[in-house]
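J.: The structure is given below, and queries will be raised subsequently.
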Amino acid sequence: MRIFILLCVTITVLSAAAHWETRHYETTDNGFMDAAALDSMVGMLCGVRDNVGVILYKTTNGGETWQETNPWTIEQAMFCFALQFPDQNAGYMTAMGILMSLFPCGALYKTTDAGNTWTLNYGLTMSFLNLFWDDVFFIDLNNGWLAGPNSDIRYTANGGAAWTIQTAPVQSSLKSIYFVNPSEGWIVGGDYDTITGQGTNGLILHTTDAGTNWTAQLSNAPLQLWGVHFIDNINGWVCGYKDSTSPGVFLNTTDGGNNWTEIAAPSVSNGPYGLYAVDFPDPLIGFAAGGGNRSGWSGSYFGVFLKT
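Read in order, the letters of the sequence shown are residues -20 to -1, 1 to 288 in mature numbering (1 follows the signal peptide of the UniProt record, and there is no 0).
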């Protein structure tokens, strides 16, 4: 099972000189898969625990304390991939369920009460066998996208009541989508070389027509890019995995993605890790989730919560 690090950092300058710091981490049997900030005080994590399935964590005091819930059976949500809130009440989580206790299927869950209760919105039928989405993003309560392996992008204009498939220009593992308005957005992705332990085919795609067409701002980078967040249409962050000996990596842009600057994440004593999600509740406060021993995901696991 993947075990991740969660970093909470304060950014004082939105530029490549921004400084990410590690303040605290600890060993735990939980794996943190994604983080979502509803505002500067309220946030949620989705995680995984062996023999239990998906676990949710919620904070209402900026991460000082967390409350744990387990609203699903393993059949409904054995594994989670992504968590996103378009407002302070409505949220979505992508997961893998086990249909009839045998068949792994993609599932999308929705909440309308800030994560207190969840209902199935899409998937978890045989039509979604072995089809999973690494990310979900809603720009508002109506317009949303799903992204996954094999260049799978899906779009809804009615809050998930119906979905249509969009076309990506490359066949790759698409990891994350972010839109600053209903027309302009970015998608990131990449692969992992199981022999060398190196990230490969790192890409950043950009659209100005709601995902009908995409252009590459970065391609074939020696990185596996997992998370993307734009504060506006100029300032943005991407995070990901570099190799089996390095900490996670950030990419920062201050010109809408025409140029990207690489920034290494802080090292931790437990070993190398990757970064899988980045989020900014306001222009000065940022969160990132990641971690584990990326080389084969074997050995001594560790899960971490870090805050500046």
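The beta carbon of each residue, even a glycine, is placed where N, CA and C say it ideally should be.
Using a Cβ-Cβ cutoff of less than 8 Å, which residues in the same chain neighbour Gln68 once the five nearest sequence positions on both sides are dropped?
T.: Leu18, Asp19, Val22 and Ala94
J.: With 16 other CB atoms within 10 Å as the buried threshold, where does Ile184 fall?
T.: Label assigned to Ile184: buried.
J.: Identify which residue in Pro149, Phe159, Ser249 and Gly251 has its Cα closest to the Cα of Val208.
T.: Phe159
J.: Got a sec? Which residues, its chain only, sit under 6 Å from Glu44 by beta carbon, not counting five neighbours each side?
T.: none
J.: What whole-angstrom Cβ distance do Asn232 and Ile214 have, given they're in contact under 8 Å?
T.: 11 Å between Cβ atoms; not a contact.
J.: On the criterion of 16 or more Cβ atoms from any shown chain inside 10 Å, does Met13 qualify as buried, or is it exposed?
T.: With 16 or more Cβ atoms within 10 Å of its Cβ, Met13 is classed as buried.
J.: On the DSSP bridge list, what partners appear for Met73?
T.: Leu63 and Tyr89
J.: Hey, Gly71 and Ala87 are a contact pair by Cβ (cut 8 Å); roughly how many whole angstroms apart?
T.: About 14 Å separates the two Cβ atoms, so there is no contact after all.
J.: Taking Val34 as the reference, give the member of Asn200, Glu48 and Gly42 with the closest Cα.
T.: For the residues Asn200, Glu48 and Gly42, the minimum Cα distance to Val34 belongs to Glu48.
J.: Out of Pro162, Cys85 and Val258, point me to the one whose CA is closest to Leu205's CA.
T.: The option with the nearest alpha carbon to Leu205 is Val258.
J.: Alpha carbons only, please: which of Tyr256, Asp223 and Phe210 is nearest the one belonging to Gly236?
T.: Phe210
J.: Please check the pair Gly179 and Tyr221, which I expect to be a contact at CB under 8 Å, by giving their CB distance rounded to whole angstroms.
T.: Approximately 5 Å separates the beta-carbon atoms of Gly179 and Tyr221; this is inside 8 Å, confirming the contact.
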